[in-house]
Amino acid sequence: MAVLPVCAEAEGRSEADVYVFGNSLVHYLGEQDHTNVPYWLAQMAAVDDRRLTLSGQWGFLRNFAESLPPRPGWSIAGVRGAWDPGRGAFGDAGLEAVLITPANFIQYQAPDAPYDGDNPRDESPLGATLKVLDWTVGHAPGTPVWIYEGWAEMSSVTGRFPPPDRALLRYQAFNAADYHDWYLRLVADLRAARPEADVRLMPIASVLAGLLGDGGALAKLPVEALYVDADPHGTPTLYFLAAMIAYAALYEAPPPAGYIPTGVAPEVIAAYPALAESVWQAVRAADPFPEASLAPASPPLRATAEEGAIDADIPLPQRGQVALPAPGARPEGLPALGMGLNGLADWSTQAPFVDLMKSAREWVGHLPGQWGGVTIDELRAMGVLDDNGWPLRIPDGVERLEALLLTDMPEDADYLRGSYVVMWDGKGDLELTGRARRVGYEQGVARFHYTPGEGSVGISISATDPDDPIRNIHVVREDQLPLFEAGVIFDPLWIARIKDLRLVRFMDWMMTNGSVVQSWSDRPRLSDYTWTSWGVPLEAMIALANQIGADPWFNMPHMANDDYVRRFAETVKAGLDPRLKAHVEYSNEVWNHIFPQAGWAEMQADALWGRSETGWVQYYGLRAAQMMRLWSKVYGEEAEARLERVVATHTGWPGLEENILVAPLAYLQLGHSPQEDFDAYAVAGYFGYEMGGAEMAPRIDAWLERSEAEAVAAGEAEGLRRVALREYVSAHRFEAAVAPVALALQEGSLKELVEEILPYHAAVADTAGLRLVMYEGGTHVAAQAGRVEDERLTGFFEYLNYAPEMAKLYKGLLSGWISAGGTLFNAFVDVAPPSKWGSWGALRHLDDENPRWDMLMSYNATGPSGWEQRDALAFADGVVRAAPAGGARLEGTVEEDVLIGGGGNDTLVSGGGDDSLHGGAGEDVVLLPGAQGEYDFTRDGARLVTTGPAGRVVLVSIEGLGFADAPGAIVPASGL
7 MAVLPVCAEA EGRSEADVYV FGNSLVHYLG EQDHTNVPYW LAQMAAVDDR
57 RLTLSGQWGF LRNFAESLPP RPGWSIAGVR GAWDPGRGAF GDAGLEAVLI
107 TPANFIQYQA PDAPYDGDNP RDESPLGATL KVLDWTVGHA PGTPVWIYEG
157 WAEMSSVTGR FPPPDRALLR YQAFNAADYH DWYLRLVADL RAARPEADVR
207 LMPIASVLAG LLGDGGALAK LPVEALYVDA DPHGTPTLYF LAAMIAYAAL
257 YEAPPPAGYI PTGVAPEVIA AYPALAESVW QAVRAADPFP EASLAPASPP
307 LRATAEEGAI DADIPLPQRG QVALPAPGAR PEGLPALGMG LNGLADWSTQ
357 APFVDLMKSA REWVGHLPGQ WGGVTIDELR AMGVLDDNGW PLRIPDGVER
407 LEALLLTDMP EDADYLRGSY VVMWDGKGDL ELTGRARRVG YEQGVARFHY
457 TPGEGSVGIS ISATDPDDPI RNIHVVREDQ LPLFEAGVIF DPLWIARIKD
507 LRLVRFMDWM MTNGSVVQSW SDRPRLSDYT WTSWGVPLEA MIALANQIGA
557 DPWFNMPHMA NDDYVRRFAE TVKAGLDPRL KAHVEYSNEV WNHIFPQAGW
607 AEMQADALWG RSETGWVQYY GLRAAQMMRL WSKVYGEEAE ARLERVVATH
657 TGWPGLEENI LVAPLAYLQL GHSPQEDFDA YAVAGYFGYE MGGAEMAPRI
707 DAWLERSEAE AVAAGEAEGL RRVALREYVS AHRFEAAVAP VALALQEGSL
757 KELVEEILPY HAAVADTAGL RLVMYEGGTH VAAQAGRVED ERLTGFFEYL
807 NYAPEMAKLY KGLLSGWISA GGTLFNAFVD VAPPSKWGSW GALRHLDDEN
857 PRWDMLMSYN ATGPSGWEQR DALAFADGVV RAAPAGGARL EGTVEEDVLI
907 GGGGNDTLVS GGGDDSLHGG AGEDVVLLPG AQGEYDFTRD GARLVTTGPA
957 GRVVLVSIEG LGFADAPGAI VPASGL
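Numbering-wise (my numbering), the sequence shown opens with residue 7 and increments by one.
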């Protein structure tokens, strides 16, 4: 009986973004196509010009409750995913419905009765549902939660399958009566327990019973047209009918009138218009949208009240004494710690290079009367720059080109204070701007003095000779000119802070995220004017690993072709100290849709296999395995000793790794599972993400208010007033908030990480036969979204991230990592200035001292390090030594050394390795191992380069050479 006016009025919702805690009554992987509700929902939505996105997972209700957070795993043709952890937080997905599906064989007892069988905690369906409901409401407040009423298990009613007609009618009557009553009670109990939640019943089984039972429109439909077994799993027809009911509930509208289903029973196709109206009327009659449930929940009030967060009568926990390791710990044996190197930028306090031009910002063109206006990409498109990035001309209409360096350096970064020399080739007008002071110019040389602070030093070119353009600009602190002249790449002060590490990860140095590199010709070059454009050249990364004696971790660009990978591997094999082990990873966080490589992988997967919900990570598994094969082939028999092939996963998305390691689609391409091509399984180890978001905002803000009030009271108690009081409060306003936040971290995300997440991944690694390593980890206490503009919050998070309590949290993290079975821990990152975006640097600048760094260095010196057989001398580093003014003998080591003579007559002794030796003034001699005949000598400007059996030695201002096989004999350098 059609009531068309009702249909015409029911426009309903235009979109549905859905997450499903489901089972095979929602999505059945049967032998027939389209035996799932989401497929049919998407088909109907498209016809009705409505939008559907849907993600889901299989399991039993008890599994859902025990394995939170959700783990989406469905891939359904034609259905776009609504959410996965790689696309952001659950609460940020904008979900409009969450479906929870109880099992269909537990309705013989009440919803609050404990499950039969092994049930030590007396869990009940009601209790398990409440856990899922509470998690959902806590992370996505206001989202309607539907209880999906799947149809009942059949054999307990019919006795056998297929059942006779009378038994089938009895089964449908059971779905409409006692079975339906169980769901009504469950929903009533949920609403009573959580009156603020929006809980609804999706009446699938009971509405189906009305259609299929005695007197129903489809009562004569044969059982084989609906069911395939006694569980009972269904045919496409059954799931289509269920989808009609779900459609009416989700969109609050009848199934689309103009839709003609295909692939279902002909009786259903013929009766569809009437069925659509019957379904709509039955869903409306079931009243799934009670008015009370439409009131939005108000979880923020619950969140702020929890644990006395805004209860001023409960004292804040007090800061206690934190046991900290002594500063300066150094390993006596194998080091234990890896560390990511911060990305290059003119505002980075890392300052890793002697030549500061290598970390300068790219050129910007200034239009008349304004700063900027012409981007680096536009300058390239105009043909203004040569292959190395130096300007060939100033474009018409542009007043000048400018590059910036030393931007916004903290005032306490004293190592940057001093006199600098700028050197260049070519002719034109070059000017130093910004914080450059006491500037003096000569032909091809300028000098300036710099004091750290807000602003930048600018290198501005307003004119350049087309026949002899300004180029080869170098910016060097004056006291480091001998280092620059001797070809030293890395600033010794930075080297001193990182030289004891076991490994350095080059992800940021290689500009991995969103890399444009495809072929070997795209790679960064040593001659590039700045290395902030395309990344640090491979030769420099190898040189750093050799100099400090640390394993390198390289990240292959996601679009790199096979030739690039092969030649990269060949270069590493030839140039890296053979005692060191190259760690290789395909790109970085390819699961993470924040980065372009995830979308690119998704497109490749779509092209290879068609659209699927897990295609992008399966493609990651495929391409990563292919790249590891290329590396393995280059290394051959040396691969086991010199190569570590790494695959990574999303730590907070348990189950995703199966699509990477096993990857059935990739298996078809490779002929084996991707996991067979790796040695290590990498996860992240962050904690504290929750502190910067909206959910914790009321509690954090309340703690900060109370902390500042305590500081004011303490200052007034000391008799301070006005300026003195303001200064006291400014210095102490965050102190009382540290303890409650540290406690919340310890009992919150850190505990979850070390007690649940890391042990889970350790089991995965063990099953796959892989070593568990960390690709990056540490504090993630940083503001998110609109909170990043909260200056007080930024100040507090910076204070907290370098407080003793943070060091204690790191100790818990490191201990938990070891207990879980982890091996290499990779901290993120070495040196970076804190900002509103986070306090990522273990050091804030190179002069910094803080408890967090000390804890990491203590772990590096004393933590477990014997997970693999390694030569301890592989991690030895060379020395940097300078002679006094009166002359001295400087002894090098067998590693990579830097020896700098003074004003007198010096003797510099090379012990082997790739050394850089500068004699300075006076008559200076270098002693080399071996015999003169074992060396080749070449000139590179003022440098004499010697290449012998123990390495390559660069000599500057050296007057004579001696060799170990001929003591006392000195060969004039001028004749070589």
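Just so you know, even glycine gets a beta-carbon here, dropped at the ideal spot from N, CA and C.
Contact annotation: Glu460 and Asp420 have beta-carbon atoms that are not nearer than 8 Å.
The C-beta of Asn110 has 16 or more other C-beta atoms within 10 Å across all chains shown, which makes the residue buried.
DSSP places Glu741 inside the alpha helix (DSSP H), whose first and last residues are 741-753. Judged by beta-carbon spacing, Ala882 lies within the 8 Å limit of Glu901, meaning their Cβ atoms are closer than that value. Contact between Asn552 and Asp920 is confirmed by a C-beta separation of about 7 Å, below the 8 Å threshold. For Gly957, the enclosing beta strand (DSSP E) starts and ends at 957-962. The shortest C-alpha to C-alpha distance from Leu499 to any of Ile824, His851, Gly605 is the one to His851.
Residue state for Asn594 is assigned as coil, using DSSP reduced to three classes.
Within the segment 893-972, the complete beta strand (DSSP E) segments at least 3 residues long are 895-897, 904-906, 913-915, 922-924, 931-934, 942-946, 949-954, 957-962, 966-969, listed from N- to C-terminus. Bounds of any alpha helix (DSSP H) do not take in Gly450, whose DSSP letter is neither H nor E. The alpha-carbon of Ser980 is positioned some 20 Å away from that of Gly908.
Shortest Cα-Cα distance from Ala742 to any of Arg712, Arg443, Ala654 involves Arg712. Residue pairing by DSSP places Ser425 opposite His455 in a beta bridge. Cβ-Cβ distances below 7 Å link Gly222 to Gly216 in the same chain, with the five nearest sequence neighbours on each side left out; the list follows chain order.
Within the segment 88-112, the beta strand (DSSP E) runs of at least 3 residues that lie entirely inside it are, in chain order, 103-106. In this chain, the beta strand (DSSP E) harbouring Arg483 covers 477-483. Between Phe803 and Ser841, the alpha-carbon positions lie close to 9 Å from each other. Each of Asp55, Trp540, Tyr766, Gly892 was checked against the Cα of Tyr265, and the nearest Cα belongs to Asp55. Across the structure, Gln113 and Ala194 are spaced so that their CA atoms are roughly 15 Å apart. With a cut-off of 8 Å on Cβ pairs, the segment 577-587 is in contact with the segment 534-551, counting three or more such pairs.
About 22 Å separates the Cβ atoms of Leu132 and Pro147, ruling out a contact at the 8 Å cut-off. In the three-state reduction of the DSSP assignment, Tyr687 falls in the strand class. Arg531 has its alpha-carbon roughly 8 Å from the corresponding atom of Val542. Setting aside the 5 residues that flank it on each side, Tyr734 is surrounded in the same chain by Ala717, Ala720, Gly721, Glu724, Leu726, each with a C-beta closer than 8 Å to its C-beta; the list follows chain order.
Just so you know, the alpha carbons of Ile763 and Val213 end up roughly 41 Å apart. The Cβ atoms of Glu159 and Asp237 lie closer than 8 Å to each other. Short of 7 Å from the beta carbon of Ala182, and not among the five residues preceding or following it, lie these beta carbons of its own chain, in chain order: Ser212, Ala215, Gly216, Gly219. Going by DSSP, His372 is part of the beta strand (DSSP E) stretching over 370-372. Bounds of the beta strand (DSSP E) holding Glu650 are 649-654. Around the beta carbon of Val623, 16 or more other beta carbons sit within 10 angstroms, so the residue counts as buried.
Distance between Val360 and Leu101, taken at the CA atoms: about 52 Å. Boundaries for Arg712: no beta strand (DSSP E) harbours it, while the alpha helix (DSSP H) harbouring it runs 703-723, taken from the DSSP string. Scanning Trp873, Ala880, Asp772, Leu759 for the CA closest to the CA of Trp823 turns up Leu759. Exposed is the label assigned to Ile320, since fewer than 16 other Cβ atoms lie within 10 Å of its Cβ. Nearest Cα to Glu37 within the set Ala51, His239, Ala690, Val445: His239.
Annotation: the continuous beta strand (DSSP E) that includes Tyr781 extends over 777-785.
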